[in-house]
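*Asks:*
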Amino acid sequence: MTTEKFHLRRSLLATPGNVRSKVEKARKLPVDILMLDLEDGVPAMDSAKALARKVLVEALSCPASFSAREVAIRVNGPRTKWFVEDAAFVAGLNIPTVVVPMVQDAADVIYVERSLANCGAAASLGLILLIETPASVVNLPQMVEASPRTNGLIAGGLDYAAGLHSLSILPIRDPADTKGQDEDLVYMRQRVLAVGRAYGLSVLDAMRPGLISDLDSFRAAARRARWLGFDGVDFYHPAFVDIANEVFTPSPEELSWADRVLQENMSSRDDEPASIKVDGRVVLPQHVELAHRLKALAREISPRNATKATVSA
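Numbering (the numbering used here), first residue to last: -3 to 309.
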């Protein structure tokens, strides 16, 4: 188990690496993580993968021009024929994070770790593991322990549902029909969250395209993810960036509550019970911890918002 290291990851936008126009558009978006994609967003052809690497080399020649807080590259899975080239490619770039999809067990993560090390990757290069198969959910603790680079997890619902043979992925389903929505993901999400928290990792929820039909449905899904405990969400459309950032930012009401809790907690005496009352409701040590967490998150976000306001002025 490790001590939690904070990463502000409210929003992760996936952008296909082989489409220059999309990469350029994403360059100025105020997303917390911009994930430049070599995997599913790029056609499964050698020529398309090669083009994506070329486009990304050009784009990353000026990393300071990206508005994203963190620029990551999603490589192809370690069991694909493209991974070896991808590992050498990302090892030579000045990026902080690599997203690794389709990892099934600890052996896959060890292979990724050794491949990056053999290619000369900096020790600071971090990994986010995309957990998207039944095998990866079962083997998750061992996978996290397999590489010290791992600092985040993404709960990938679409491939996981397919691996379960769930009919929830049928495209003929009416998006307005929310009966039983995401029931097939309950165990997976809870396990990814539990393991992530136990090991001090950031944890994101990947939005399922078939269940997101507009801005309102995205907002509702993002709110559910935050309610469950996720730090942010992974998505594919730039229109969702501001909504994700807003949903995962503590609201004025939450911060006001946190202030009252912390003030009352400071005023408590040694000879009083551990529980206190705020707004007429009992507040326990767990609530005090949450108040501290909300305030810390707000402090981390504030400098970023000020910077973005200056840039866009």
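The C-beta atom is built at its ideal place from N, Cα and C for all residues, glycine as well.
How is the alpha helix (DSSP H) around ASP82 delimited, first residue to last?
*Replies:* 79 to 87
*Asks:* To the nearest angstrom, report how far apart GLN100 and ASP210 are at their CA atoms.
*Replies:* 32 Å
*Asks:* Quick test of the definition: if touching needs 3 or more C-beta pairs under 8 Å, does the region 108 to 122 touch the region 71 to 89?
*Replies:* yes
*Asks:* Could you give the residue range of the alpha helix (DSSP H) that holds PHE214?
*Replies:* 211 to 224
*Asks:* Report the three-state DSSP secondary structure of PRO59 (helix, strand or coil).
*Replies:* helix
*Asks:* Let me confirm a value: MET41 is counted as buried when at least 16 other C-beta atoms fall within 10 Å, else exposed. Which label applies?
*Replies:* exposed
*Asks:* Would DSSP call SER298 helix, strand or coil?
*Replies:* In this structure, DSSP gives SER298 a helical state, which the three-state scheme calls helix.
*Asks:* I'd like the span of the beta strand (DSSP E) that includes GLY152, first residue to last.
*Replies:* 146 to 152
*Asks:* Within 10 angstroms of its Cβ, does ASN147 collect 16 or more other Cβ (buried), or is it exposed?
*Replies:* buried
*Asks:* Mind reading off the beta-carbon distance from ALA158 to ILE150? Whole number of angstroms is fine, and I expect it under 8 Å.
*Replies:* At roughly 16 Å, the Cβ-Cβ gap does not stay under 8 Å, so ALA158 and ILE150 are not in contact.
*Asks:* Is it true that the CB of PHE214 sits closer than 8 Å to the CB of ASP227?
*Replies:* Going by C-beta atoms, ASP227 is not nearer than 8 Å to PHE214.
*Asks:* State the Cα-Cα distance for the pair VAL67 and ARG277, rounded to the nearest angstrom.
*Replies:* 43 Å
*Asks:* In its own chain, which residues sit with a C-beta less than 6 Å from the C-beta of MET31, not counting the 5 before and 5 after it?
*Replies:* LEU8, ALA10, ALA68, ARG70 and VAL95
*Asks:* Decide if TYR183 is buried, meaning its Cβ has at least 16 other Cβ atoms within 10 Å, or exposed.
*Replies:* exposed
*Asks:* Taking buried to mean at least 16 other C-beta atoms within 10 Å of its own C-beta, is LYS45 buried or exposed?
*Replies:* buried
*Asks:* Exposed or buried, PHE79, counting other C-beta atoms within 10 Å across all chains shown (16 or more means buried)?
*Replies:* PHE79 is buried by the Cβ-count criterion.
*Asks:* Near ALA309, which residues of its chain fall below 8 Å by C-beta distance, leaving aside the five closest residues on each side in sequence?
*Replies:* Note that ALA309 scores 24 on pLDDT, short of 50, meaning its location in the model is unreliable; the coordinates nonetheless yield the value given after this. Around ALA309: no qualifying Cβ.
*Asks:* For the alpha helix (DSSP H) containing GLY192, name the first residue and the last one.
*Replies:* Where GLY192 is concerned, the enclosing alpha helix (DSSP H) stretches over 182 to 194.
*Asks:* Contact between the region 246 to 265 and the region 273 to 287: three or more CB pairs below 8 Å?
*Replies:* yes
*Asks:* Could you please give me the residues that DSSP links to TYR122 through a beta bridge?
*Replies:* According to the sequence provided, residue 122 is Gly. The question's Tyr does not apply to it. The partner list for GLY122 (beta bridge, DSSP) reads THR93.
*Asks:* Is ALA64 helix, strand or coil when you go by DSSP?
*Replies:* coil
*Asks:* Since MET139 and LEU125 are thought to touch, with beta carbons under 8 Å apart, how far apart are those beta carbons, to the nearest angstrom?
*Replies:* Sure, about 6 Å apart at Cβ, within 8 Å.
*Asks:* Identify the continuous alpha helix (DSSP H) that holds VAL237 and give its terminal residues.
*Replies:* 237 to 243
*Asks:* According to DSSP, is VAL307 part of a helix, a strand, or is it coil?
*Replies:* Low local confidence applies: a pLDDT of 29 at VAL307 is under 50, so the model's placement there is unreliable, and no value is given.
*Asks:* From the DSSP output, read off the bridge partner residues of ARG277.
*Replies:* VAL274
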